[in-house]
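Q: Take this structure, written in structure tokens, and hold onto it; I'll ask about it next.
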Amino acid sequence: MGLIMRLGGVYETRGDSSSKYISYLDIEHISTTLNKIIKTLKIKTITFYIDEWEKLYYENDAQKFLANYINKIIDNPIYFWIAYVPYRGTLHPLSIGNDLQHRIDLDESLIYESDQQSCIKYFQDFIDKRLQHHLHRPDISNSVLINNKKNFELLIMGSMGNPRDFGTILVHAWSEFVAYRSMPLKRGGAFQYVSASMIKDAIKSDGEKKLLNFNSTPHAMAAWRDLEDFAIRNKTSHVAVEETPENHSALAEIDFSELIYQRLLHKRMDRVSAKESSIKNKLSIYALSYSCTYDHHQRDKKFQFITRYEDIHNRVRRYIYDPCKIIKQRKLTEGEMFPCRTCGFEITPKMKHAWERNTCPGCGNAITQREAEESAS
Numbered sequence: 217m218g219l220i221m222r223l224g225g226v227y228e229t230r231g232d233s234s235s236k237y238i239s240y241l242d243i244e245h246i247s248t249t250l251n252k253i254i255k256t257l258k259i260k261t262i263t264f265y266i267d268e269w270e271k272l273y274y275e276n277d278a279q280k281f282l283a284n285y286i287n288k289i290i291d292n293p294i295y296f297w298i299a300y301v302p303y304r305g306t307l308h309p310l311s312i313g314n315d316l317q318h319r320i321d322l323d324e325s326l327i328y329e330s331d332q333q334s335c336i337k338y339f340q341d342f343i344d345k346r347l348q349h350h351l352h353r354p355d356i357s358n359s360v361l362i363n364n365k366k367n368f369e370l371l372i373m374g375s376m377g378n379p380r381d382f383g384t385i386l387v388h389a390w391s392e393f394v395a396y397r398s399m400p401l402k403r404g405g406a407f408q409y410v411s412a413s414m415i416k417d418a419i420k421s422d423g424e425k426k427l428l429n430f431n432s433t434p435h436a437m438a439a440w441r442d443l444e445d446f447a448i449r450n451k452t453s454h455v456a457v458e459e460t461p462e463n464h465s466a467l468a469e470i471d472f473s474e475l476i477y478q479r480l481l482h483k484r485m486d487r488v489s490a491k492e493s494s495i496k497n498k499l500s501i502y503a504l505s506y507s508c509t510y511d512h513h514q515r516d517k518k519f520q521f522i523t524r525y526e527d528i529h530n531r532v533r534r535y536i537y538d539p540c541k542i543i544k545q546r547k548l549t550e551g552e553m554f555p556c557r558t559c560g561f562e563i564t565p566k567m568k569h570a571w572e573r574n575t576c577p578g579c580g581n582a583i584t585q586r587e588a589e590e591s592a593s
């Protein structure tokens, strides 16, 4: 749209640095106009679908301003659907169930470890609907492509139950099958369906592409390597994270939010009780991408990829990962944070008063002159 939202319905033109033009978008006028359109078209409602809400994550306060604007305009018969990624900002004043009446989260509803049969049924229908849309042949179904339940489950695991990745991997495997059938047949029986080896190749290719595209984001790659090391040490594909404000903030940092956005890290469960009674906080369970760790669990056997709820209940609840450590390490290295040597309080360069007085806001002890000079510089 070429516009950035400003609070109160103010828009500022983008792309033309010389222009100082600012216009005010009258909320009442827009609402009245939309209602006139509804009446003219003789329809009951208008629903706006906003995709990739997380893209506004990089613009300061853009999500906040747009959410405030939507909050002022949303009302029967004007509705909104917003697609967004967790930890890439928030919906601010908009509430699910009130302003946004429905919540659909495929990443939470299609968890293979929790409900294998529902996952299989969903993706069988996923294929069947697309076949019927293009072929109009009720006799052709998913079994024409893959007739082996184990191979179908492998396809689901490789995609982590994500419809987009499922489609990508399936297309790659199908293309390999078509290429195979186009070649002169070798001695022995020919594959009549997409084989396990074709699906495995497609899964590995998906993981390699994700990691290759990811190399340009060093902070996120460092977080990924830290997660990999933790998984290998504990011989697990899934990790637990305590549900605390500190951890939530750490996961919202670009280091981890990029992993979630690019589908290298998948949330599987939340509000899970810890295995150890000494840990009072509830846990969220995350899984590393099956395709991005394929060699770790299939070739090198560095850990087992977990597919059963029983293993999460019996094992994973012990493997508690602390996302704050890698964030603090990065901020310390880049000079974004300086921990007080006495109490550990995180002093940032923005705390000018603390540096000027050479006093830790947490404990009141002195920050040495040398440390103050280094941080101030």
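Residue numbers (the numbering used here): 217 to 593.
Think of the CB as a built atom: it goes at the ideal place given N, C-alpha and C, for glycine as much as any other residue.
These numbers come from a predicted model, not from an experiment.
1. State the DSSP-derived secondary structure class of residue 565, mapped to helix, strand or coil.
2. Between residue 309 and residue 267, what straight-line distance do the alpha-carbon atoms span, to the nearest angstrom?
3. For residue 491, which residues in the same chain have their Cβ closer than 6 Å to its Cβ, ignoring the five residues on either side in sequence?
4. Following the continuous beta strand (DSSP E) through residue 503, name the residue where it begins and the one where it ends.
5. Within 10 angstroms of its Cβ, does residue 333 collect 16 or more other Cβ (buried), or is it exposed?
6. Give the straight-line distance between the Cα atoms of residue 497 and residue 462, rounded to the nearest whole angstrom.
7. Helix, strand or coil for residue 597, going by three-state DSSP, please let me know.
8. Does the distance from the CB of residue 336 to the CB of residue 374 come in under 8 Å?
9. Smallest Cα separation from residue 291: which of 250, 259, 357 and 360?
10. From the DSSP output, in three-state form, read off residue 477 for me.
11. Three or more beta-carbon pairs under 8 Å between the segment 457–474 and the segment 428–447, yes or no?
12. To the nearest angstrom, how far is it from the Cα of residue 351 to the Cα of residue 395?
13. Based on the DSSP output, what are the partners of residue 483 in its beta bridges?
14. Out of 506, 269 and 442, point me to the one whose CA is closest to residue 296's CA.
15. Residue 566 to residue 553, Cα distance in whole Å?
16. Mind checking whether residue 361 and residue 409 have CB atoms under 8 Å apart?
17. Whole angstroms is fine: what's the gap from residue 563's alpha carbon to residue 455's?
18. Along the beta strand (DSSP E) that carries residue 264, what are the first and last residues, could you check?
19. Enumerate in chain order the residues of its own chain whose CB-to-CB distance from residue 326 is below 7 Å, with the five nearest sequence positions on each side excluded.
20. Does DSSP put residue 521 in a helix, in a strand, or in coil?
21. Based on the DSSP secondary-structure assignment, which residues constitute the bridge partners of residue 458?
22. Within 10 Å of its beta-carbon, does residue 517 have 16 or more other beta-carbons around it, so buried, or fewer, so exposed?
23. DSSP beta-bridge partners for residue 297?
24. Based on the DSSP secondary-structure assignment, which residues constitute the bridge partners of residue 422?
25. Please say whether residue 357 and residue 294 have beta carbons closer to each other than 8 Å?
26. What does residue 452 pair with, by DSSP beta-bridge criteria?
27. How many angstroms separate the CA atom of residue 367 from the CA atom of residue 482?
28. Residue 282 lies in the alpha helix (DSSP H); which residues open and close that run?
29. Can you name, in chain order, every residue of its own chain whose Cβ lies under 7 Å from the Cβ of residue 501, other than the five neighbours on each side?
30. Would you call residue 329 buried or exposed, if buried means 16 or more other Cβ atoms sit within 10 Å of its Cβ?
31. Go ahead and pull the three-state DSSP assignment for residue 360.
32. Using only the alpha-carbon positions, how far apart do residue 349 and residue 340 sit?
33. Can you tell me whether residue 394 is helix, strand or coil according to DSSP?
34. So for residue 582, helix, strand or coil by DSSP?
35. Is residue 388 near residue 359, with beta carbons less than 8 Å apart?
A: With the structure as the only source:
1. Annotated three-state conformation of residue 565 is coil, per DSSP.
2. So the alpha carbons of these two residues sit roughly 18 Å apart.
3. Here residue 491 has 533 and 534 as same chain residues with Cβ atoms under 6 Å from its own Cβ, once five neighbours each way along the sequence are excluded.
4. Residues 499–504.
5. Label assigned to residue 333: exposed.
6. Near 12 Å, if we compare the C-alpha coordinates of residue 462 and residue 497.
7. What the structure shows of the chain is the stretch from 217 to 593, and residue 597 is not part of that stretch, so it cannot be assessed.
8. The criterion of a C-beta distance shorter than 8 Å is not satisfied by residue 336 and residue 374.
9. Of the candidates 250, 259, 357 and 360, the one whose C-alpha sits nearest the C-alpha of residue 291 is 250.
10. Helix at residue 477.
11. Yes: the two stretches touch, three or more of their Cβ pairs being nearer than 8 Å.
12. Rounded to the nearest whole angstrom, the CA to CA distance from residue 351 to residue 395 is 21 Å.
13. Under DSSP, residue 483 takes part in a beta bridge, and its partners are 502.
14. Of the listed residues, the one whose Cα sits closest to residue 296 is 269.
15. Near 9 Å, if we compare the C-alpha coordinates of residue 553 and residue 566.
16. In this structure, residue 361 places its C-beta atom within 8 Å of the C-beta atom of residue 409.
17. Separation of residue 563 and residue 455 (C-alpha to C-alpha, rounded to the nearest whole angstrom) is 30 Å.
18. Its beta strand (DSSP E) spans residues 262–266.
19. Excluding five sequence positions before and after residue 326, the CB atoms of its chain that fall closer than 7 Å to its own CB belong to 335, 338 and 377, given in chain order.
20. Residue 521 falls in the coil class under three-state DSSP.
21. Residue pairing by DSSP puts residue 458 in a beta bridge opposite 499.
22. Counting Cβ neighbours within 10 Å, residue 517 comes out exposed, since fewer than 16 surround it.
23. For residue 297, which the question treats as bridged, DSSP gives the partners 265.
24. Beta-bridge pairing links residue 422 to no other residue.
25. No, they are not a contact pair.
26. The bridge partners DSSP lists for residue 452 are 520.
27. Roughly 22 Å between the two C-alpha positions.
28. It spans 278–289 - the alpha helix (DSSP H) in which residue 282 sits, taken as one unbroken run.
29. Closer than 7 Å at Cβ, skipping near neighbours: 454, 456, 484, 485, 488, 528 and 532.
30. Classification for residue 329: buried.
31. Secondary structure of residue 360 (DSSP, three-state): helix.
32. So the two alpha carbons sit approximately 14 Å from each other.
33. Here residue 394 sits in helix by DSSP.
34. DSSP, reduced to helix, strand and coil, places residue 582 within a strand of the structure shown.
35. The Cβ-Cβ distance between residue 388 and residue 359 does not fall below 8 Å.
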